[in-house]
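Enquirer:
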DNA sequence: CGCTTGATGCAACGAGTTGTCGCATTAGAT
DNA sequence: ATCTAATGCGACAACTCGTTGCATCAAGCG
């Protein structure tokens with residue numbers, strides 16, 4: 001590696017700065033996220049931040065990258081309900097995590113920076129892939145219609161939780177996560193998330 | 001009324017300003033919503049805005065009040081599925097409306113101004129009341145468990161649509177609305193939105 | 001019609017913020 | 001021990017923000 005190691009000054013600075021970004025977002029939201037404020041909080045000169053990150057969005061982007069790079073694990077409980085519940089609880093964990101909450105709010109506020117959008121897109125792609133494995137297994141067990149769309153399921157699991165966080169400001173607890181999982185299971189079993197007939201093979 | 005009439009200069013100024021607020025929000029988002037920008041766009045001197053609205057949040061609040069005061073109508077199609085579909089399509093209409101979209105994004109970005117939060121709370125209270133009527137009728141028809149929680153249903157209908165708008169940036173179309181309605185219907189019928197046993201009446 | 005009153009236009013301001021620069025200093029690698 | 005890149009430092013011009021005093025205007029009223 002040509003990069004300085006984790007113990008190097010550069011890495012230490014980055015850690016301190018990105019942590020300061022989260023702190024600042026938590027306290028003041030995206031509106032209060034200025035380069036100066038982050039610099040003061042991190043104990044780093046603001047010129048350094050301008051040189052390395054350029055803009056406020058650069059800072060947000062780096063913090064977001066660090067956060068979104070966590071791996072998505074696929075549950076395998078043996079039942080659709082169990083798997084969906086695990087996924088909902090993972091989502092809950094992100095949404096109640098300090099950094100997760102700060103970053104999600106910031107992303108929504110940041111309007112649509114292209115680079116940010118790309119990170120979000122990549123995250124959901126991975127998430128959908130993970131859900132697809134669950135769905136496939138459930139279909140093999142006969143718990144679900146074979147043409148169930150994983151993207152629909154993926155979105156539906158998280159939606160009520162994001163709704164509580166961003167829109168209605170309601171509490172985020174495990175009961176909410178479990179209810180969301182149960183609702184998705186019921187809807188999926190009922191065939192609501194079935195893909196529209198693609199090439200009319202089974203038409204009369 | 002001691003207020004100048006709708007044709008008065010004051011009223012005309014207010015209309016022009018609030019329209020400018022929506023335009024500005026649409027183009028730049030909450031981050032770009034400055035008093036100066038709105039003043040320029042509305043063709044009104046900024047001192048006037050500071051005198052009447054005080055701050056940027058005052059402007060947003062007034063625009064939001066004007067928008068949120070629209071009445072919520074209760075559908076009555078005779079079936080649970082029909083009613084839920086109507087509700088989902090109403091939500092879709094708000095979420096695809098220019099002003100609605102601008103204001104919803106702004107509210108999420110505005111962090112939590114107390115007065116804004118109060119308006120949101122009031123909106124959802126009315127919405128929940130409306131859904132409660134639907135749910136009650138459906139329960140009377142035997143389409144739903146009697147102890148179905150209207151707030152759960154209310155939240156679940158809108159959630160996938162808000163999710164598409166705010167989080168995943170996916171398209172908002174009537175297919176999405178109808179799917180959401182169908183999913184909620186299936187989940188509600190399955191008893192997912194049933195209130196937890198309150199005073200243990202039916203326990204062994 | 002002319003008068004009164006409150007709302008608006010106008011220009012200027014001081015305070016604070018933002019992003020950049022040249023140069024000195026330091027930490028880490030070789 | 002030395003070299004290099006990263007950081008610290010202070011100053012700066014350009015910009016934004018909110019306020020103020022005064023002139024002007026529009027709407028209602030007799």
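Protein chains in written order, with full-length UniProt numbering: chain A, 1 to 204; chain B, 1 to 204.
In this text, a Cβ means the ideal position worked out from N, Cα and C, and glycines have one as well.
None of these values were measured; they are calculated from a predicted model.
1. When you compare the CB of residue 72 (chain B) with every CB in chain A, is at least one pair closer than 8 Å?
2. Using 8 Å as the Cβ pair cut-off and three pairs as the minimum, do the region 149-164 of chain B and the region 160-177 of chain A touch?
3. On the criterion of 16 or more Cβ atoms from any shown chain inside 10 Å, does residue 211 (chain A) qualify as buried, or is it exposed?
4. Could you check if residue 3 (chain A) is buried or exposed, using at least 16 other CB atoms within 10 Å of its CB as the buried criterion?
5. Looking at C-alpha atoms only, which residue of B:166, B:170, B:178, B:194 is the closest neighbour of residue 176 (chain A)?
6. For residue 146 (chain B), I'd like the list of residues in its chain whose CB is within less than 7 Å of its CB, leaving aside the five on either flank, ordered along the chain.
7. Which residues in chain A have a C-beta closer than 7 Å to the C-beta of residue 130 (chain B)? List them in chain order.
8. Measure the alpha-carbon distance for residue 92 (chain A) versus residue 119 (chain B) and round it to whole angstroms.
9. Tell me whether residue 180 (chain B) is buried or exposed, calling it buried when 16 or more other Cβ atoms sit within 10 Å of its Cβ.
10. Would you kindly check if the distance between the Cβ of residue 69 (chain A) and the Cβ of residue 75 (chain A) is under 8 Å?
11. Alpha carbon to alpha carbon, how far is residue 8 (chain A) from residue 47 (chain A)?
12. Which one or two residues does DSSP pair with residue 194 (chain B) in a beta bridge?
13. Let's see if you can read the secondary structure: which residues bound the alpha helix (DSSP H) around residue 62 (chain B)?
14. With a threshold of 16 other CB atoms inside 10 Å of the CB of residue 112 (chain A), please say whether the residue is buried or exposed.
15. Which value, in whole angstroms, describes the spacing of the CA atoms of residue 125 (chain A) and residue 19 (chain A)?
16. Would residue 25 (chain A) pass as a contact of residue 35 (chain A) if the rule is Cβ separation under 8 Å?
17. With distances taken between CB atoms, is the gap from residue 192 (chain A) to residue 102 (chain B) smaller than 8 Å?
18. If the cut is a Cβ gap below 9 Å, which residues of chain B does residue 86 (chain A) touch?
19. Assign residue 15 (chain B) to one of two classes, buried (16 or more other C-beta atoms within 10 Å of its C-beta) or exposed (fewer than that).
20. Just to check my reading of the structure: residue 88 (chain B) and residue 178 (chain B) have Cβ atoms closer than 8 Å, yes? What is that Cβ distance to the nearest angstrom?
21. List the residues of chain A that residue 108 (chain B) touches, going by C-beta distances under 9 Å, in chain order.
22. Quick test of your reading: residue 29 (chain A) and residue 90 (chain A), contact by CB under 8 Å. State the CB separation rounded to the nearest angstrom.
23. If residue 60 (chain B) and residue 33 (chain B) are in contact, beta carbons under 8 Å, what's the gap, nearest whole angstrom?
24. Start and end of the alpha helix (DSSP H) containing residue 127 (chain A)?
25. Any Cβ of chain A within less than 8 Å of the Cβ of residue 171 (chain B)?
26. Would you say residue 192 (chain B) faces chain A, with C-beta separation under 8 Å as the test?
27. What residue range does the alpha helix (DSSP H) around residue 18 (chain B) cover?
Expert: Looking at the coordinates:
1. Here residue 72 (chain B) refers to the residue found at position 72 of the second chain. Closer than 8 Å: no.
2. yes
3. Nothing about residue 211 (chain A) can be reported from this structure: the residues present for chain A run from 1 to 204 only.
4. Numbered from its first residue, the first chain carries residue 3 (chain A) at position 3. Because the pLDDT of residue 3 (chain A) is 48, which lies under 50, any placement of that residue in the model is unreliable, and the question is left without a value.
5. On the first chain, residue 176 (chain A) is found 176 positions in, with the first residue counted as 1. Selected option, being the one with the closest Cα: B:194.
6. Here the question's residue 146 (chain B) lines up with position 146 in the second chain. If we look at residue 146 (chain B) and ignore the five residues flanking it on each side, its Cβ neighbours are 139.
7. Locating residue 130 (chain B) in the second chain gives position 130, counting from the first residue. The premise fails here: residue 130 (chain B) is roughly 15 Å from chain A at the closest Cβ pair, so nothing lies under 7 Å.
8. Within the first chain, the letter at position 92 stands for residue 92 (chain A). Within the second chain, the letter at position 119 stands for residue 119 (chain B). For residue 92 (chain A) and residue 119 (chain B), the distance between alpha carbons rounds to 26 Å.
9. In the second chain, the residue the question calls residue 180 (chain B) occupies position 180. Buried is the call here.
10. Here the question's residue 75 (chain A) lines up with position 75 in the first chain. Here the question's residue 69 (chain A) lines up with position 69 in the first chain. Cβ distance not < 8 Å, so residue 75 (chain A) and residue 69 (chain A) don't count as in contact.
11. On the first chain, residue 8 (chain A) is found 8 positions in, with the first residue counted as 1. On the first chain, residue 47 (chain A) is found 47 positions in, with the first residue counted as 1. Whole-angstrom Cα-Cα distance: 19 Å.
12. Residue numbering aside, residue 194 (chain B) sits at position 194 when the second chain is read from its first letter. Paired residue(s): B:148.
13. For the purposes of this step, residue 62 (chain B) is taken as the residue at position 62 of the second chain. Counting along the chain, the alpha helix (DSSP H) containing residue 62 (chain B) begins and ends at 56-68.
14. Within the first chain, the letter at position 112 stands for residue 112 (chain A). Under this definition residue 112 (chain A) is an exposed residue.
15. Taking the first chain and counting its residues from 1, one reaches residue 125 (chain A) at position 125. Taking the first chain and counting its residues from 1, one reaches residue 19 (chain A) at position 19. Near 27 Å, if we compare the C-alpha coordinates of residue 19 (chain A) and residue 125 (chain A).
16. Start at 1 with the first residue of the first chain, and residue 25 (chain A) comes out as number 25. Start at 1 with the first residue of the first chain, and residue 35 (chain A) comes out as number 35. No. Outside cutoff.
17. Start at 1 with the first residue of the first chain, and residue 192 (chain A) comes out as number 192. Start at 1 with the first residue of the second chain, and residue 102 (chain B) comes out as number 102. Not closer than 8 Å, so no.
18. Position 86 of the first chain, counted from the first residue, corresponds to residue 86 (chain A). Those within 9 Å of residue 86 (chain A) in chain B number zero; the least Cβ separation is about 17 Å.
19. For this step, residue 15 (chain B) is matched to residue 15 along the second chain. By the neighbour-count rule (16 or more Cβ atoms within 10 Å), residue 15 (chain B) is not buried but exposed.
20. Against the second chain, residue 88 (chain B) aligns to sequence position 88. Against the second chain, residue 178 (chain B) aligns to sequence position 178. Sure, about 7 Å apart at Cβ, within 8 Å.
21. Start at 1 with the first residue of the second chain, and residue 108 (chain B) comes out as number 108. Simply 105, 108, 109, 166, 167.
22. Within the first chain, residue 29 (chain A) is the residue found at index 29, counting from 1. Within the first chain, residue 90 (chain A) is the residue found at index 90, counting from 1. Actually they are not in contact, since the Cβ atoms of residue 29 (chain A) and residue 90 (chain A) sit about 25 Å apart, beyond 8 Å.
23. Within the second chain, numbered from 1, the residue matching residue 60 (chain B) stands at position 60. Within the second chain, numbered from 1, the residue matching residue 33 (chain B) stands at position 33. Confirmed, Cβ separation roughly 7 Å.
24. Numbered from 1 along the first chain, position 127 holds the residue referred to as residue 127 (chain A). 114-140 is the extent of the alpha helix (DSSP H) around residue 127 (chain A).
25. Position 171 of the second chain, counting from 1, holds the residue named residue 171 (chain B). No, because no Cβ of chain A sits closer than 8 Å to the Cβ of residue 171 (chain B).
26. Translated into positions along the second chain, residue 192 (chain B) becomes position 192. Cβ-Cβ to chain A under 8 Å: yes for residue 192 (chain B).
27. Position 18 of the second chain, counting from 1, holds the residue named residue 18 (chain B). Unbroken alpha helix (DSSP H) run through residue 18 (chain B): 9-28.
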